[in-house]
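Working notes, beginning with the structure itself.
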Amino acid sequence: MTIRTSTITGVFAAAALLALSGCAAIHTSIAKKDLDVQTKLSTAIFVDPVAPEKRKLYLEMRSAVMEFDRNAFRSSLISQIQNSGNSYVLVDDPDEAQYTMSVFVRNLEKASPTAADNYLRTGFEGVAAGSAIGYAVGSDFGDVALGGVVGGLAATAANAFVKDVTYLLVADIQIKERANKGVMVRKDSKVNTKISDDGASTQTYSEVSNKKEYRTRVVTTANQVNLELADAQPLMFEKTAYAMASFF
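Going letter by letter, the sequence shown gives residues -24 to -1, 1 to 224 in mature numbering (1 follows the signal peptide of the UniProt record, and there is no 0).
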């Protein structure tokens, strides 16, 4: 039985692509084997120093994400604040507190914006490479397509087992601080509200209070190969809580 050169070429092309895709998967699994968690702030907050008896904080926690474990995160944040060494204590009465910190978690989700593009690009490169190798030795289109498709499937199979996964946690922070006696704080606000597709309303108001207000955003990412949210959450919570506790 005679084996055509084009068929042999297609098989070798597929084997080469399988090796390449396997090497890429191995590289990813090695490079991303350790959990990498990073936390960044949109801006730093500096509250005024106060006497030890005034270092009281009221904490309010809210979330729009069902998967977010508020109790676990609250415990982590309280622990970081209490162990900061600055003698701050948490109280249940906001009227008793010198500071009020409101935390609203906007996102806790898998953030892989390039995952789909990488999946498609790997498959496309598999077909293209198979065709290029086949054309160089003069094979017919059927065998070229076979080498490309097999190579594309091999790359897809390798990527199915090794995934570069990133989770993202976004929290908005608002801190209110009681001003010193005799100091009044004026706040001018403008709120734009969409009523319907046909129009919107604008509210402008001013208020005077005895509280200064600070706002910032904390963004934490966790990255690892084949990462699951349950494995990412503890360290993400710890680092996010550490960043928030640094305000006091």
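Every residue gets a Cβ at the ideal spot worked out from N, C-alpha and C, and that includes glycine.
Please read these numbers as outputs of a predicted model, since none were measured by experiment.
Please name the residue, chosen from Val65, Leu66 and Val146, that lies closest to glutamine 209 on a Cα-to-Cα basis.
Val146
Residues in its own chain within less than 6 Å of glutamate 189 by CB, not counting five upstream and five downstream?
Lys152
Alpha helix (DSSP H) containing leucine 205: first to last residue?
Under the DSSP assignment, leucine 205 falls in the alpha helix (DSSP H) whose first and last residues are 205 to 221.
Give me the DSSP bridge partner(s) of glutamine 150.
Glutamine 150 is bridged to Ser78 and Arg191.
Quick check on the DSSP output: the beta strand (DSSP E) that includes leucine 17 runs from which residue to which?
For leucine 17, the enclosing beta strand (DSSP E) starts and ends at 12 to 17.
Ordered along the chain, which non-local residues of its own chain (more than five positions away) have a Cβ less than 8 Å from that of leucine 33?
Excluding sequence neighbours, leucine 33 sits near Ile57, Tyr64, Val65, Leu66, Val67, Ala73, Gln74, Tyr75, Thr76, Met77 and Phe224.
Kindly identify the DSSP beta-bridge partner or partners of asparagine 83.
Val146, per the DSSP bridge assignment.
Assuming valine 194 contacts methionine 212 under a Cβ cut-off of 8 Å, what Cβ separation, rounded to an integer in Å, is found between them?
Contact flag wrong, Cβ pair sits at about 11 Å.
Measure the alpha-carbon distance for asparagine 168 versus alanine 20 and round it to whole angstroms.
Rounded to whole angstroms, asparagine 168 to alanine 20 spans 27 Å at the Cα level.
Suppose contacts are defined by Cβ-Cβ distances below 9 Å. Is asparagine 202 in contact with aspartate 12 by that definition?
Against a cut-off of 9 Å, the Cβ pair of aspartate 12 and asparagine 202 comes out as no contact.
Taking only the alpha-carbon atoms, compute the straight-line gap between asparagine 62 and leucine 53 and give it to the nearest angstrom.
14 Å
With a CB to CB cut of under 7 Å and the five nearest residues on each side skipped, what residues in its chain are close to serine 18?
Cβ contact annotation for serine 18 (same chain, cutoff 7 Å, sequence separation greater than five): Thr192 and Arg193, in chain order.
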